[in-house]
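J.: With positions in the sequence shown counted from 1, the corresponding number in my numbering is that position plus 1340.
For glycine and all other residues, C-beta sits at the position ideal for the given N, C-alpha and C.
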Amino acid sequence: MSFSIRSKKITASLMALTMLTAATAAAESNFISKIIPTNSISASAATVQTSADGKWKYEITSTYTCKVTKYLGHETTVIVPEAIDSRTVNAFGAGAFKDNGTIRSLTIPRGIGSVPSEFCMNCSNLRYMTLSPGVQTIGARAFKNTSSLISFYIPVGLTTVGDNAFENSNISSFTFPYPISGTRTIGSNAFLNAHNLTEVTLPGAWNIKADAFSGTPLENIDTPESNLTYAFSHHAFRGAYNLNKLNGFQIWATKAGQPYIHQWIRTYVTPYESTLRADNVKMYMTYYEAYQNWLNSHH
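(1) If we call anything under 8 angstroms between Cβ atoms a contact, is LYS1397 one with PHE1432?
(2) So what's LYS1395 in DSSP terms, helix, strand or just coil?
(3) Just to confirm my understanding: we take TYR1648, look at its own chain, exclude 5 residues before and 5 after, and list those with CB closer than 7 angstroms. What are they?
(4) Comparing C-alpha positions only, which one of ASP1439, HIS1574 and GLY1597 sits nearest to ASN1633?
(5) In this structure, how does DSSP classify ARG1606 when only helix, strand and coil are distinguished?
(6) Excluding the 5 residues preceding and the 5 following PRO1377 in the sequence, name in chain order all residues of the same chain whose CB lies nearer than 7 angstroms to its CB.
(7) Determine the direct distance from the alpha carbon of GLY1579 to that of PRO1557, and round the result to whole angstroms.
(8) Between ALA1383 and ASP1425, what straight-line distance do the alpha-carbon atoms span, to the nearest angstrom?
(9) Could you tell me which of THR1610, ASN1536 and THR1486 sits nearest to ASN1582, measuring between CA atoms?
(10) Between ALA1482 and PHE1459, how many whole angstroms is the CB-CB distance? I'm expecting something under 8 angstroms.
(11) Using the C-alpha atoms, what's the distance from THR1442 back to ALA1392?
(12) Who are LEU1586's beta bridge partners in DSSP?
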């Protein structure tokens, strides 16, 4: 009997201690939440600010960093500062400079790893663009309709050029500086109707996707043959009416009066001759027409 009473007392004591502990924990939690609200981190991350100088809208991404979401200034030469209101700029939002008709020269700071979609889309007066060396990705339509863009620094770490990234731009060449390990990508329509593009150099491995250089005045592309095989099969040069050299080799010449394709080119072009004719690519059409004329003249 005494054991039963003692057991009940112990049980009651444990229940009381549990209730006291829970109440204490709840009180501490309530006290802490008053000092540091539970949503403080997510709230600050979503906070949109206007900079003290009135030139930038940005989101606070941490105590010390921010993401620029919109340029509000009116300068023709813009050098994005490394820090805004004492927070380091480490990212840009989509369309941060979109539709700005004033900027002629734009430089972004180090530490930026990606240029987002529509970054400078429709910036009709942008002529000079300098990206930081660490940029790896250029987003879709990032420089679409930059009809004045003539100078563009290509970062050494670039791995991806997004779809339509330079559509209707004015750059005359796209020369990648160094071959680096790994496969890179030129997205679909990346340089569609880039009306001044004549030279492209892409060392290393690249996936050159559908219509990447369609409608350009491209004359020579210098890139490993494996890249060309992939590009031909994906109609990458559709309507590139001036393309007549591959890696410096003229697509066709005459030998003993007969048009012929250099053997190096024949290996990679001939399997796609019907595709290239259908795409109206001049480099093959020129040879094809010359060869037909030669045949006709010898019958």
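T.: In brief:
(1) no
(2) coil
(3) With the chain covering 1341 to 1639 only, the question about residue 1648 has no answer from this structure.
(4) If we check each option's Cα against that of ASN1633, GLY1597 comes out closest.
(5) helix
(6) Per-residue confidence for PRO1377 stands at a pLDDT of 43, beneath the threshold of 50, marking its modelled position as unreliable; the derived number appears in the next sentence. Residues of the same chain with a CB within less than 7 angstroms of the CB of PRO1377, apart from the 5 flanking positions on each side, do not exist.
(7) 9 angstroms
(8) In this predicted model, ALA1383 has a pLDDT of only 39, less than 50, meaning its place in the structure is not dependable; the value taken from the coordinates is given anyway. Roughly 18 angstroms separates the two Cα atoms.
(9) ASN1536
(10) 4 angstroms
(11) ALA1392 and THR1442: Cα-Cα distance of roughly 22 angstroms.
(12) ILE1561 and PHE1589
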